[in-house]
Structure formats: C-alpha cells, structure tokens
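K.L.:
Protein chains in written order, with my numbering: chain A, 1409 to 1708; chain B, 345 to 905. Note that the Cβ used here is the ideal one computed from N, Cα and C, for glycine as well. The structure displayed is predicted, hence computed values, not measured ones. Quick one: this structure, given as structure tokens, is what I'll be asking you about.
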C-alpha cells in the first residue's frame, strides 16, 4: 500500500451530516467527520452522548435518518463496503464454546479469506497481541477477559481493513494490557490504518489521538488536536504550595498543597495565605485535561 | 460463500452437544425412526381390510370392491355370509343382518358412488357425463321409509352418479333395495352424505408436522440466543447482506425439514403435488420460526409466540382439511392436497393453487418482514413487539415499489383474518352474521392497508398521502384479483368477487374498475390521516371503513335483488 503523507492522504472514513432520530428524539444530529490513513481520531463524550450510535452508523449497523457514511468512497450501508472496515464492539460477543483459532477461521471465511491465509493471519495477529500459544486452542469462554478482548481485536483486524472502528477498545482491560493495546494501536497507525475510537478513558485518548471529537447530546461540541482544544476551551488550573493552609489545601510534609481552577480563585488563595502570615512557596500552572475540557463543554 | 459459512457454523454450533455418548444415541433414534416408520404407517391404516367380502366372479361390483382398501375380498360363497364374510356381492349386494353388515353395505354404497364419479370425471365430454345441474334444497321431511330412501339418490343427485350399480339403469338401486331396514335409515343421515374421514392421511400429515414443530423451536431458539448474546452484531458488521445471514441461519433447519420430508414422502408414498404442498408447509413453518426468533425478546416470549403460532397454524392446516366433502373448504389448506395425495386421489391445479398460493404469499411476507428486522437497532433493542414489527414494515414499504408489494402481500393476511371472522360469526343468526361479516371484512382490509401506508409515511422519505393510498390500494387490488382468479379457477372462493360479477352482469370492465376505485379511494382516505397523530389516523380509518362498508352493502343489496 502506498503511504501518503497524512495531510495529503484522502480520508478513508467520512461521515457527512449523520443523524439518527428515534421519533422526535435526536440521538445524533449533524455529525460530520473524517478519518485519514495513518491517523487516530478519538470520539469522546459522556454516557448517552451518541458515541456508540455514531460508530454503528459509520460501520453500517444502524441506518442513519439523515446524512451518509462512506468508507473509501462507498456507502457503508452497502455490504461490500464493510469489507474495508474492522469493527470492534464495546463488549466482545464471540462464541465462548469455540477456540480463538476456530472463531477467527469462521470470521475469515465471512470476509472471503482462504483457510490457510486466514490461519496465518490469525496466528500473526495473536502473536502481535501477545496472546500465548497455549490459549489458542482453549475455548474462548475459558480465557480471561483481557485475552478474550485480544481475540476480539484480532477478529476486527483479521481481513486487514483500511479502517478500524473501535468502541471502547480498552474496556475491561488491566493497566498492563491497556498499555500493550496502546502500543499496538500506535503500530497500526504507523502502518497507515485510519482509526476511529471511542473511549471513556480520556488519558488513553490524550495519549493516542491525533484529533479529538467531543460529542455532547448527540452533536459535535468541539473538535481538534488536544492542544487546539486546550487553547480553545481550557482554563489552566494552578497548584499552590504554601506554608499556611488555604481552602482546598492538604498538608504535604511541611507545606500545604492545593489546586484551584481559575486565576481569581488563585488570587483569593494567595490572599488567605498572606493574611495568615504565611508565604506562597510555589505556584504551578497545570494545562487543562481532556476531562476538564469535556466538563466545560458539557456545562458540568 | 458467506451463506454457506454461516450455515456450516450454525451446524457446528448447534451440534456442539454431540460427543461420544450422545452421537450414538442420536444415531440409534434416527435408525429407529427409519425402521419403525413404515411399520407405524401400515398400522395407521386402521380401515384397511375392515370388511371381509365375497365377490361373485361375474359381479359388476368387483372393480368397486377392488378400488376400496376397506374391503378384503375373500374366496367365499353366499353361504359364508354371516360368518367369514359380512357382505356377498353378485349382481346386487347382500349384507349380513348385523351392525357390521350395515356398515359394510354403507361403505359399498359410498365406494360405488366414488367409483362412478371418478369414471364420469375422466370422460372427455363432461357435459354428457354430467348433463343435469341440480340444486339441492334441504326441507323438513317425514321419517324416511325404505321406499322413500330408494328414491332419494335418483332425485337429489345427478342421474349418472345416483346409479348405485356400475351397470344399473338410472332408476334401479340394488344397493339400497337390498339393504336391511337399518341401512335404509342410515343411508339418508347427513354423515352418509360425506365421504369417510381420511383418518390415516391426516394422522400421517400430523405426524409429519410434529418434528417440524420441534425444528421450528430449535430454529427460533437459536436465533434468539444469538441475538440475546449480541453475536449477530458481528455478522451484521461483516460484508454479508441480511438475506445471507438469515439464509445461513435457516439452511440447516431446512435441511432437517427436507430429510423429514423425504423420509415421510418415501415411506407414505405421496404424489408430487402432495410433496410440493408438504414442502410449502415446511417453508412456512420455518418462515414463521424465522420471524418469531427475530421478534421475541426473551425465551419466555418466544415460547408464548411459537405456541400461539403453531396452534393457529395447526388449526388452519387441519380444520378445513377434515371437510373433504366440501372441497371449497378443504382446499383452503395444503394438508387437503397432502391428504388427497396420500389417499391416491387426484387433485386439479385449481384446488392445488387455492390450497397453496395464499400460504406461499404469507410465507414470502414473513421472510420479507424478517429481512426488515435484520438490523442492529431492531434485533438488539427492547422496543415492543408491535413497534419492531412496524419498523420492519417501514423498511419493506419505504419505497414506491415496496408500498405496492405491501398492498399485494396484505391480501392473504386479509383472507386469513376474514376466515377467522367467518368462524367467529358462525354461532350468530343469519341476520346478525351477514352485517358482521360485511362490516368486519371491510375493517380488516382497510386496517391492513392503513398499516402499510402508516409504515411508509413514517419512513425516511415518504410520498404524499394520496400517492401512498394509490400505491397500496392498487397493490391490494392486484393481490385480490390474483386471489379471485385462483378462486374462480379452483372453486370460486371469493364470494364478494362473484357477487360483483353477478351484479355487474359479468362486465369485465366494471368488474375491474369498481373494486380498483374502491381500494384506491378508500386507501387514499385512510392515508390522509397518517402521520398526523392518533386521532387523525383513527378518523381517517373510520372514513375509509365507512366507504368500504357502503360499497360492500351495495354489492350485497345488488346480489340479493
């Protein structure tokens, strides 16, 4: 595959004015986004913001009321277009009674892979995901949640799709496995995959995503890189170290340390310390986290 | 390719319980069925050889006795009457004076009538074979005497079929003349008019349906299990089209059905029309389990729905088939075709189409509704059954062509509901039953048409109400005319169509235009209220209903006049 520079490459996954209405209720409205090869786009929002519905519309599972979703120029509602998508649902609905290899062989056949090709790809993926060989022939129901999730990820990648749509890929994983998964996703990005993921773990989104799309009540409330979002929505927080207590501080060794969320509150805290006869020792400026931005966007 | 992969996966998944212990057990059960089947079938023929009969070498009744399995022709003489044989037949039948003799004589009379009818039906010149059209009027009468009973066949039936002996003159009736007094009294009771109840063939057909019910349970249960575990999501996200997924999930069960069909067909010896009818029953059962497996939200709900559906289906299949004496009723059900096929009776194309076409159309509708349900939001949501069914109908009727098809496919459902309505009004007096049928039939038709229009009008890009009404009304008209043609070809099963023919003096132009105008205009009226809230919808339905009722009453008044 020819790898184009990210800025030049044509968007692989495009949503144009996507909307889903259930009667008078709009679950998703006017969602427009695109994912280019070699990039990771993160979809972030509170519960009920419309992340999963948007992802399902993008991979052709749910028919949009308005707008279109295309992968490589083809509408994802067309079955043939879905060959180019690897979809990972939030849960891992695999066949518990089957072994990982048998399960992957079945899904390989659905995507038109030959048996040998499917087996080779399955083994390569399971190795890359660090699922040990003894587990390959155990029923999936007997695997740990993390191992089962690795099989589910391997299933989504089995047919080598250009686009990956991952709904909460790190759901239920322990921190070590989560780190492995992050590294794996970065490898896939480097290979030129266009990846769209949704996550509740905002730290993961901050670490992985080139572009972040904030969804609120079914609509895109903001989008951009993390630094762009910080610039547009973030109000820096301040961490104050002082030798006297102030509202919200906690003793830390000989000093009192606390965080305040605005320059006004910082001024108030400094005044309280000085009034008590103390001295501010250090003021740190903290960039707003994605969580702060999300809370601000959501009005919480 | 994908379909076969899903089918093979379904086979492996559903046979995961097979192991070294269960596999031989299952094989044993199958072999047992194969070995015991023919034996059971032979035992089911309870009436075979029921009456031992002695037949004189030159008796004209010899072919009649040979044609009916109830008679066992024994080498005997008239002296054996009352002992080894119940009936002695030479130029006339002679029965022993006993209940057995009476029954044997009655059976011979029925067999003779059937034998004669079959021969006359095979005549090239049917006008010559059945030259007289007779209206039978039931009227109170005095208790029947022997003399009166002997006169009945020659006045109440066609001359040809009334002759009892194959070579008898039209006025002679050796069967009844020779009958003992008890037989003569029995001969005119209503049960005597009917041919014997086809116990064997109906029991065999019922036995064939038992495994099919089990297959339906397995099929629907498997679909529900897949949905409740959200495994269907991965299939829906794959490049498979919905029909491929459903076909793959159904093929293994169709395979079992075909196995049962083949074994039962070979064991019983069904003719090819009966085999086609049986195949249709299998397809219908699987179409039902397909839809219910996709509709039900829990195993409990599925059990409720499947039990209801199989009960209704069994009633529909077997109840009409019992009335073999009234082909117009019996051939509402494909079981009548299967039963006749097992009995070795010939079935014409008309009755065959009457018995199979509506069920085939309903099966197509069920499959289309199932396809409409095959979406993540409808398969995995917890919305009510009616709203999910409506969502499916919405997908079917989303386009103009879909709306037309929905109108056509509403017809078999309307016929089924109208039959149900007829069954309900049977206990009423004639004066109450007729208005109930006229009003109820109109409500059924308008309700179904409005459901299709409502589904379309709440879909993505609805057409104007008037156009929706025109499309659904035209579709319904087309479907109704198709049913009318089939009915007329068969037996004339659509009374309203026939009445229209009578009222309009057989003018085909008006015959076509009047119902077309009715269906289109009424559907347009019904459509005018859709998408504007429940109040408007019901008001518009009432308007369409009133219009349809007025039309039906006009037709009825014309027919009575």
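(1) DSSP on residue 1625 of chain A, reduced to helix/strand/coil?
(2) Considering only their Cβ atoms, is the gap separating residue 821 of chain B from residue 859 of chain B smaller than 7 angstroms?
(3) Starting from residue 465 of chain B and walking both ways along the beta strand (DSSP E), at which residues does that stretch end?
(4) Just to check my reading of the structure: residue 683 of chain B and residue 665 of chain B have Cβ atoms closer than 8 angstroms, yes? What is that Cβ distance to the nearest angstrom?
(5) Hey, could you find the ends of the alpha helix (DSSP H) residue 1575 of chain A is sitting in?
(6) Alpha carbon to alpha carbon, how far is residue 840 of chain B from residue 758 of chain B?
(7) Which one of B:443, B:399, B:789 and B:553 has the shortest CA to CA distance from residue 420 of chain B?
(8) Over what stretch of residues does the beta strand (DSSP E) that includes residue 1443 of chain A continue unbroken?
(9) Beta carbon of residue 1542 of chain A, beta carbon of residue 1505 of chain A: below 7 angstroms?
(10) Write down every uninterrupted run of the alpha helix (DSSP H) in the segment 596-649 of chain B whose length is 4 residues or greater and which is fully enclosed by it, in chain order.
(11) Among the residues of its own chain, which have a CB less than 7 angstroms from the CB of residue 1515 of chain A, if the five just before and after it don't count?
(12) Listing by chain order, which chain A residues have their CB less than 7 angstroms from the CB of residue 346 of chain B?
(13) Taking residue 1514 of chain A as the query, report the chain B residues whose CB atoms sit under 9 angstroms from its CB, ordered along the chain.
(14) Using beta carbons (cut-off 7 angstroms, strictly below), is residue 1576 of chain A in contact with chain B?
(15) At a CB distance below 8 angstroms, what residues from the segment 703-737 of chain B approach chain A? Give them in sequence order.
(16) How many whole angstroms separate the CB atoms of residue 889 of chain B and residue 787 of chain B, which I take to be in contact at a CB cut-off of 8 angstroms?
(17) Between residue 574 of chain B and chain A, is any beta-carbon pair separated by less than 7 angstroms?
(18) Cβ of residue 1701 of chain A within 6 angstroms of any heavy atom in the ligand FAD?
(19) Give me, in chain order, the residues of the same chain whose beta-carbon lies closer than 8 angstroms to that of residue 1701 of chain A; leave out the 5 immediate sequence neighbours on both sides.
(20) Determine, using beta carbons only, whether residue 439 of chain B and residue 451 of chain B come nearer to each other than 7 angstroms.
(21) Between residue 1490 of chain A and chain B, is the shortest Cβ-Cβ distance under 7 angstroms, so that the two count as touching?
(22) Note down the Cα distance separating residue 933 of chain B from residue 1570 of chain A, rounded to an integer number of angstroms.
(23) Quick one: which chain D residues come within Cβ less than 9 angstroms of residue 1469 of chain A?
(24) Starting from the C-beta of residue 1588 of chain A, find all residues in its chain whose C-beta is less than 8 angstroms away, skip the five residues before and the five after it, and write them out in chain order.
(25) Checking the sheet assignment: what are the DSSP bridge partners for residue 1428 of chain A?
(26) When the cut-off is 7 angstroms and only beta carbons count, does residue 360 of chain B lie next to chain A?
(27) Cα separation between residue 898 of chain B and residue 733 of chain B?
(28) Between the beta-carbon of residue 1462 of chain A and the beta-carbon of residue 1436 of chain A, is there less than 7 angstroms?
(29) Please state if the CB of residue 755 of chain B and the CB of residue 824 of chain B are separated by a distance shorter than 7 angstroms.
(30) Could you pull the start and end residues of the alpha helix (DSSP H) that residue 1636 of chain A belongs to?
(31) Could you tell me the distance, in whole angstroms, from the CA atom of residue 472 of chain B to the CA atom of residue 695 of chain B?
(32) For residue 428 of chain B, I'd like the list of residues in its chain whose CB is within less than 7 angstroms of its CB, leaving aside the five on either flank, ordered along the chain.
(33) Given this structure, state the Cα-to-Cα distance separating residue 1602 of chain A from residue 1420 of chain A, to the nearest angstrom.
(34) Identify the continuous beta strand (DSSP E) that holds residue 1658 of chain A and give its terminal residues.
(35) Check whether chain A comes within 7 angstroms of residue 585 of chain B, counting only Cβ atoms and requiring the distance to be less than that.
(36) Spell out whether any CB of chain B is found under 7 angstroms from the CB atom of residue 1636 of chain A.
P.N.:
To lay it out plainly:
(1) In the first chain, counting from the first residue as 1, residue 1625 of chain A sits at position 217. Reduced to three states, the DSSP call for residue 1625 of chain A is coil.
(2) Your numbering for residue 859 of chain B matches position 515 in the second chain. Your numbering for residue 821 of chain B matches position 477 in the second chain. Yes, these two residues count as a Cβ contact at 7 angstroms.
(3) Here residue 465 of chain B is taken as the residue at index 121 of the second chain, counted from 1. Unbroken run through residue 465 of chain B is the alpha helix (DSSP H), 443-465; no beta strand (DSSP E).
(4) Against the second chain, residue 683 of chain B aligns to sequence position 339. Against the second chain, residue 665 of chain B aligns to sequence position 321. At roughly 6 angstroms, the Cβ-Cβ gap stays under 8 angstroms, so residue 683 of chain B and residue 665 of chain B are in contact.
(5) Taking the first residue of the first chain as position 1, residue 1575 of chain A is located at position 167. From DSSP, residue 1575 of chain A is part of no alpha helix (DSSP H) but of the beta strand (DSSP E) over 1571-1575.
(6) By 1-based counting over the second chain, the position of residue 840 of chain B is 496. By 1-based counting over the second chain, the position of residue 758 of chain B is 414. Since pLDDT at residue 840 of chain B reaches only 42, below the 50 mark, its modelled position is unreliable, and the value read off the structure follows with that caveat. Looking at the two C-alpha atoms, the distance is approximately 13 angstroms.
(7) Sequence index remark: in the second chain, residue 420 of chain B carries index 76 (1-based). Nearest neighbour of residue 420 of chain B by Cα position, chosen from B:443, B:399, B:789 and B:553, turns out to be B:399.
(8) As a first step, residue 1443 of chain A must be located in the first chain, where it is residue number 35. Segment 1433-1443, the beta strand (DSSP E) holding residue 1443 of chain A.
(9) To locate residue 1542 of chain A, count along the first chain from 1; it is residue 134. To locate residue 1505 of chain A, count along the first chain from 1; it is residue 97. If you check the CB distance, residue 1542 of chain A and residue 1505 of chain A do not come in under 7 angstroms.
(10) 616-639
(11) Residue numbering aside, residue 1515 of chain A sits at position 107 when the first chain is read from its first letter. If the five residues before and after residue 1515 of chain A are omitted, its C-beta is found closer than 7 angstroms to the C-beta atoms of 1563 and 1566, all from its own chain and listed in chain order.
(12) Residue mapping note: residue 346 of chain B aligns to position 2 of the second chain, counting from 1. Ordered by position in chain A, the residues that pass the 7 angstroms Cβ test against residue 346 of chain B are 1518.
(13) Along the first chain, read from residue 1 onward, the residue named residue 1514 of chain A stands at position 106. Under the 9 angstroms cutoff, chain B gives 349, 350, 352, 353 and 356.
(14) By one-based count along the first chain, residue 1576 of chain A stands at place 168. So no, residue 1576 of chain A is outside the interface.
(15) The residues in question are 719, 720 and 721.
(16) Translated into positions along the second chain, residue 889 of chain B becomes position 545. Translated into positions along the second chain, residue 787 of chain B becomes position 443. 5 angstroms between Cβ atoms; contact.
(17) In the second chain, counting from the first residue as 1, residue 574 of chain B sits at position 230. It does; some Cβ of chain A falls within 7 angstroms.
(18) The ligand content of the structure shown is nil, which means the ligand FAD is not present either.
(19) For the purposes of this step, residue 1701 of chain A is identified with residue 293 of the first chain, where counting begins at 1. Excluding positions up to five away in sequence, the list reads 1622, 1630, 1637, 1638, 1641 and 1642.
(20) Counting from 1 along the second chain, the entry for residue 439 of chain B is found at position 95. Counting from 1 along the second chain, the entry for residue 451 of chain B is found at position 107. It is not a contact, given that the beta carbons lie outside the stated cut-off.
(21) Stepping through the first chain from its first residue, residue 1490 of chain A is reached at position 82. At least one chain B Cβ lies under 7 angstroms of residue 1490 of chain A.
(22) The structure shown does not extend to residue 933 of chain B, since chain B spans only 345 to 905, so no value can be given for it.
(23) Within the model displayed, chain D is absent; protein chains A and B are what it includes.
(24) In the first chain, the residue the question calls residue 1588 of chain A occupies position 180. When the five nearest sequence neighbours on each side are left out, the beta carbons in the same chain lying within less than 8 angstroms of the beta carbon of residue 1588 of chain A are those of 1537 and 1538, in order along the chain.
(25) Counting from one through the first chain, the residue named residue 1428 of chain A turns up at place 20. According to DSSP, residue 1428 of chain A bridges with A:1436.
(26) Here the question's residue 360 of chain B lines up with position 16 in the second chain. With 7 angstroms as the cut-off, residue 360 of chain B counts as an interface residue toward chain A.
(27) Residue mapping note: residue 898 of chain B aligns to position 554 of the second chain, counting from 1. Residue mapping note: residue 733 of chain B aligns to position 389 of the second chain, counting from 1. Looking at the two C-alpha atoms, the distance is approximately 35 angstroms.
(28) Stepping through the first chain from its first residue, residue 1462 of chain A is reached at position 54. Stepping through the first chain from its first residue, residue 1436 of chain A is reached at position 28. Yes, they are a contact pair.
(29) To locate residue 824 of chain B, count along the second chain from 1; it is residue 480. To locate residue 755 of chain B, count along the second chain from 1; it is residue 411. In contact: residue 824 of chain B and residue 755 of chain B (Cβ atoms closer than 7 angstroms).
(30) Looking up residue 1636 of chain A in the first chain gives position 228. Its alpha helix (DSSP H) spans residues 1634-1641.
(31) On the second chain, position 128 is the one that residue 472 of chain B refers to. On the second chain, position 351 is the one that residue 695 of chain B refers to. Approximately 23 angstroms between the Cα atoms of the pair.
(32) Along the second chain, read from residue 1 onward, the residue named residue 428 of chain B stands at position 84. So the qualifying residues of the chain are 396, 418 and 420.
(33) Here the question's residue 1602 of chain A lines up with position 194 in the first chain. Here the question's residue 1420 of chain A lines up with position 12 in the first chain. Near 7 angstroms, if we compare the C-alpha coordinates of residue 1420 of chain A and residue 1602 of chain A.
(34) As a first step, residue 1658 of chain A is located in the first chain; it is residue number 250 there, counting from the start. First-last of the beta strand (DSSP E) with residue 1658 of chain A: 1658-1660.
(35) Looking up residue 585 of chain B in the second chain gives position 241. It does; some Cβ of chain A falls within 7 angstroms.
(36) Indexing the first chain from 1 puts residue 1636 of chain A at position 228. Closer than 7 angstroms to the CB of residue 1636 of chain A there is not a single CB belonging to chain B.
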